[in-house]
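These notes concern the structure reproduced below.
In the numbering used here, the protein residues as written are 22 to 131.
Here is the structure:
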């Protein structure tokens with residue numbers, strides 16, 4: 022089981038010992054998790070991270086929803102470190118839209 026915060030920092034290229042951006046990453050991660058809750062993905066009552074103790078299994082226990090990790094990364098990346106080109110931003114946005122659809126279908130219909 023890995024920490025959600027550790028994983029998101031890793032894919033953003035932030036070293037584990039660098040805590041300067043933790044609050045930003047936590048805020049943006051919670052925004053992404055909130056959107057997933059609205060899509061019926063994750064715990065019905067909602068979910069948030071406050072640090073390193075929350076793990077992915079706390080949020081999802083269905084392996085068919087592993088795309089949640091990519092979704093959260095893409096959402097956080099667009100807020101924390103947006104791409105410099107419009108093409109890349111558009112590609113990220115399209116991937117987010119597709120993941121939202123697919124995750125919602127699995128959550129609603131299995």
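Here a beta-carbon is modelled for each residue, glycine too, at the ideal position from N, C-alpha and C.
Discussion item. Between which two residues does the alpha helix (DSSP H) holding residue 66 run?
Written reply: Taking the first residue of the chain shown as 1, we reach residue 66 at position 45. For residue 66, no alpha helix (DSSP H) segment is defined, and its DSSP state is neither H nor E.
Worksheet item: Should the segment 123-131 be regarded as contacting the segment 77-90, the criterion being three or more beta carbon pairs within less than 8 Å?
Response: With a cut-off of 8 Å, the segment 77-90 and the segment 123-131 count as touching, because enough Cβ pairs lie within range.
Worksheet entry | Residue range of the alpha helix (DSSP H) that includes residue 57 | Working through the chain shown from its first residue, we reach residue 57 at position 36. DSSP places residue 57 inside the alpha helix (DSSP H), whose first and last residues are 43-59.
Item to complete: Run the CB neighbour count on residue 97, radius 10 Å, all protein chains shown included, and call it buried at 16 or more, exposed below.
Response: Residue 97 sits at position 76 when you count from the first residue of the chain shown. The residue is buried, with at least 16 neighbouring Cβ atoms inside 10 Å.
Worksheet item: Measuring CA to CA, which of 24, 123, 41, 94 is closest to residue 32?
Response: Walking along the chain shown from the start, residue 32 turns up at place 11. Among 24, 123, 41, 94, the Cα nearest to that of residue 32 belongs to 94.
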